[in-house]
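Residue numbers (this note's numbering): 12 to 164. Glycine included, C-beta positions come from ideal geometry on N, C-alpha and C. Since we're looking at a predicted model, the values are computed, not measured. Below: the structure, in structure tokens.
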């Protein structure tokens with residue numbers, strides 16, 4: 012199962028549109044905040060396959076701050092990360108994911124791509140879409156593989 016993971020478009024809805032042109036084969040697009048208005052503008056036709064959480068720069072959004080998605084038999088915590096203070100470390104995020112019995116935690120906020128396993132939880136930050144970076148998570152029966160991609164010009 013393929014998940015497109017992105018965050019922090021900050022008004023660059025054109026890059027979200029390019030991402031859709033570049034990626035055609037996916038089950039869900041997961042948007043991790045700071046661009047909820049961009050998602051509403053570009054992903055109208057993809058609403059049934061879009062998971063959206065609110066970031067600290069989305070005060071008008073009615074989206075939740077956290078969501079748990081179950082995909083390919085895995086529980087995934089989706090959050091922007093500002094409430095978990097990810098700019099100062101990933102411990103609070105890790106604790107929240109473990110408390111929710113999640114196998115993976117997707118987060119944004121820092122604009123810095125990251126992928127790694129910590130204490131049995133796979134943590135993944137796709138980077139900032141405003142900087143042309145997003146992530147792809149291919150969930151397979153024997154494990155997960157996440158990687159980063161850039162928007163092609």
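Original post:
Under the rule that 16 or more other beta-carbon atoms within 10 Å means buried, what is residue 106, buried or exposed?
Top reply: exposed
**OP:** Within its chain, find whatever has a CB closer than 8 Å to the CB of residue 67; leave out the 5 residues flanking it on each side and keep chain order.
**Re:** 44, 45, 91, 93 and 120
Original post:
Excluding the five sequence neighbours on either side, which residues of its own chain have a C-beta within less than 6 Å of the C-beta of residue 24, listed in chain order?
Top reply: Only 49, 52 and 53 meet the Cβ criterion.
Subject >> Alpha-carbon spacing of residue 30 relative to residue 57, whole angstroms >> reply: Looking at the two C-alpha atoms, the distance is approximately 13 Å.
Subject >> Spatially closest choice to residue 84 from 152, 127 and 15, by CA coordinates >> reply: Closest by C-alpha distance to residue 84, out of 152, 127 and 15, is 152.
Original post:
Where do the ends of the beta strand (DSSP E) carrying residue 160 lie?
Top reply: 154-161
Original post:
Are residue 113 and residue 88 touching if we call contact CB-CB under 8 Å?
Top reply: yes
**OP:** In angstroms with no decimal places, state the Cα-to-Cα distance between residue 128 and residue 155.
**Re:** Their Cα atoms are separated by approximately 11 Å.
Original post:
Would you call residue 108 buried or exposed, if buried means 16 or more other Cβ atoms sit within 10 Å of its Cβ?
Top reply: Under this definition residue 108 is a buried residue.
**OP:** Please go through the same chain and pick out, in chain order, the residues whose beta-carbon is closer than 6 Å to the beta-carbon of residue 125, but skip the five residues on each side of it.
**Re:** 136
Subject >> Between the CA atoms of residue 163 and residue 117 - distance to the nearest angstrom >> reply: 23 Å
Original post:
Mind pulling the alpha helix (DSSP H) runs of 4 or more residues that sit fully within the stretch 42-69?
Top reply: 47-53
Original post:
Is the beta carbon of residue 34 sitting closer than 8 Å to the one on residue 15?
Top reply: yes
Subject >> Alpha-carbon to alpha-carbon, residue 139 and residue 75 >> reply: For the pair residue 75 and residue 139, the Cα-to-Cα distance works out to about 20 Å.
Subject >> Helix, strand or coil at residue 1 [DSSP, three-state] >> reply: There is no way to answer for residue 1, as the model of the chain reaches only from 12 to 164.
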